Each structure stands twice: as structure tokens, then as C-alpha cells.
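Novice:
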Amino acid sequence: MRWSNKALPVCPCVLYCETPLRSFFLFLSSTLSAAMGDIQTERSYQKQPTIFQNRKSTIIAGSGKEKLRRYYRNVGLGFKTPREAIDGTYIDKKCPFTGNVSIRGRILTGVVMKMKMQRTIVIRRDYLHYIRKYNRFEKRHKNLSVHLSPCFRMNQYSHHHQ
Numbered sequence: 001m002r003w004s005n006k007a008l009p010v011c012p013c014v015l016y017c018e019t020p021l022r023s024f025f026l027f028l029s030s031t032l033s034a035a036m037g038d039i040q041t042e043r044s045y046q047k048q049p050t051i052f053q054n055r056k057s058t059i060i061a062g063s064g065k066e067k068l069r070r071y072y073r074n075v076g077l078g079f080k081t082p083r084e085a086i087d088g089t090y091i092d093k094k095c096p097f098t099g100n101v102s103i104r105g106r107i108l109t110g111v112v113m114k115m116k117m118q119r120t121i122v123i124r125r126d127y128l129h130y131i132r133k134y135n136r137f138e139k140r141h142k143n144l145s146v147h148l149s150p151c152f153r154m155n156q157y158s159h160h161h162q
């Protein structure tokens with residue numbers, strides 16, 4: 001994280017990109033994943049800061065199982081909260097649905113290029129740059145590293161947009 005004192009937004013299908021000049025959010029309308037990893041794989045204890053863990057448990061009627069409380073929210077802008085964000089067990093402080101980030105800035109589109117990092121993907125944004133001397137456009141592109149919340153399932157080289 002480049003600025004440690006800044007609260008970053010958490011989103012389901014929102015990708016957060018931090019560049020030296022400005023910050024972007026990339027919203028992807030994609031299929032949501034049903035598979036989730038284990039919660040406690042990090043050195044520190046993973047929990048949602050808005051949920052008190054020592055509350056008396058509530059038992060679901062009929063099933064006899066204990067229901068875990070989970071914080072999630074509606075981020076607005078026409079994005080539905082994914083079922084994985086509501087029912088899942090992942091902990092992601094940069095997820096817009098279950099974390100502490102607000103959605104602001106531009107809504108971008110891009111093609112997923114690399115998925116080799118954990119919870120981060122590289123997207124490619126193609127655009128045209130106008131050359132006035134020749135009265136023509138030239139193709140250019142930018143690669144952006146963006147955050148990918150566990151509630152989304154992405155495929156490499158898939159084009160995502162809102």
C-alpha cells in the first residue's frame with residue numbers, strides 16, 4: 001500500500017488501483033466464485049473489525065448449527081452485493097462489500113492479463129492517442145495492478161466492464 005494512513009475501500013467486484021498521480025476503481029461485472037479459501041492462513045488472526053466475536057451464539061432454527069455473523073453492505077452504483085460476500089467466510093479489508101473501502105473515482109474497463117499474485121490481478125486498458133500533425137490516432141495501452149476480492153471469479157484474457 002502506498003499511503004498507509006489512507007483508508008482503502010473494500011469491494012466485491014471493484015478493483016482498486018493506486019498510481020502516483022491518482023487512484024482508480026475498476027468495477028468488473030463478472031461471475032462470482034463459490035469457492036473460498038481458509039480464513040486463518042495468515043500469521044495474524046483474521047476477523048472482520050465490525051463484528052464482535054465473543055457474542056452469545058445464535059442457533060439457526062431447524063438445522064441446529066451455529067450461524068456466524070458477517071458484515072456486508074450495499075455499495076450502490078447499481079452493483080448488487082454478491083452472494084459470496086454475504087454467505088462467504090473470507091476476510092478482505094479491501095473488499096467493497098465486506099471491507100472498509102468506499103467506492104469513488106472512475107469506473108474503468110479492462111482485460112485481465114495476469115493472475116499470478118494473491119488477490120491482485122494485472123489488467124490491460126487499450127486506448128487511442130490522437131496525433132495532431134498526422135491527423136491520426138495511434139494505439140496505446142496501460143497495464144494496471146488492481147485488487148481482486150475473493151468474492152469474484154476471474155478468467156485470464158476475459159474482458160470485463162460495467
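Going by our numbering, the letters in the sequence shown line up with residues 1 to 162, in that order. Just so it is clear, CB atoms sit at the ideal spot from N, CA and C, and this is done for glycine as well. Quantities reported herein were computed from a predicted structural model and do not represent experimental measurements.
#1: Going by beta carbon distance, what residues of the same chain come within less than 7 Å of histidine 169, once the five residues before and after it are set aside?
#2: When we look at the beta-carbon of glycine 78 and count the other beta-carbons within 10 Å, is it buried (16 or more) or exposed?
#3: Alpha carbon to alpha carbon, how far is leucine 108 from glutamine 162? Give it in angstroms, no decimals.
#4: In angstroms with no decimal places, state the Cα-to-Cα distance between glutamine 118 and lysine 133.
#5: Please report the Cβ distance between valine 112 and tyrosine 45, rounded to the nearest whole angstrom; I am assuming they are in contact, meaning their Cβ atoms lie under 8 Å.
#6: State the DSSP-derived secondary structure class of arginine 55, mapped to helix, strand or coil.
#7: Straight-line CA distance for isoleucine 86 to arginine 125?
#8: Quick one: which unbroken alpha helix (DSSP H) runs of 4-plus residues sit fully inside the stretch 64-151? Chain order, please.
#9: Taking 8 Å as the limit between beta carbons, can you name the residues of its chain near glycine 76, skipping five residues before and five after?
#10: If we ignore side chains and look at the alpha-carbon of each, how far apart do phenylalanine 97 and asparagine 135 end up?
#11: When burial is assigned at 16 or more other CB atoms within 10 Å of the CB, is valine 146 buried or exposed?
#12: Take glycine 142 and list the residues in its own chain whose beta-carbon comes closer than 6 Å to its own, dropping the five residues that flank it on each side.
#13: Might you give, ordered along the chain, the residues of its own chain that have their beta carbon closer than 6 Å to the beta carbon of asparagine 74, omitting 5 neighbours on each side?
#14: Roughly how many angstroms separate the alpha carbons of threonine 120 and glutamine 48, rounded to a whole number?
Specialist: The short version:
#1: The question about residue 169 has no answer here: the residues shown for the chain are numbered 1 through 162.
#2: exposed
#3: Here the model assigns glutamine 162 a pLDDT of 37, short of 50, so the residue's position is not dependable and the matter cannot be decided.
#4: If you take the alpha carbons of glutamine 118 and lysine 133, they lie about 44 Å apart.
#5: Not a contact, Cβ separation roughly 32 Å.
#6: coil
#7: 31 Å
#8: 83-87
#9: Correct list, in chain order: Ile103.
#10: 45 Å
#11: buried
#12: It is lysine, not glycine, that sits at residue 142 in the sequence shown. The residues are Arg125.
#13: Thr81
#14: Cα to Cα, threonine 120 sits roughly 20 Å from glutamine 48.
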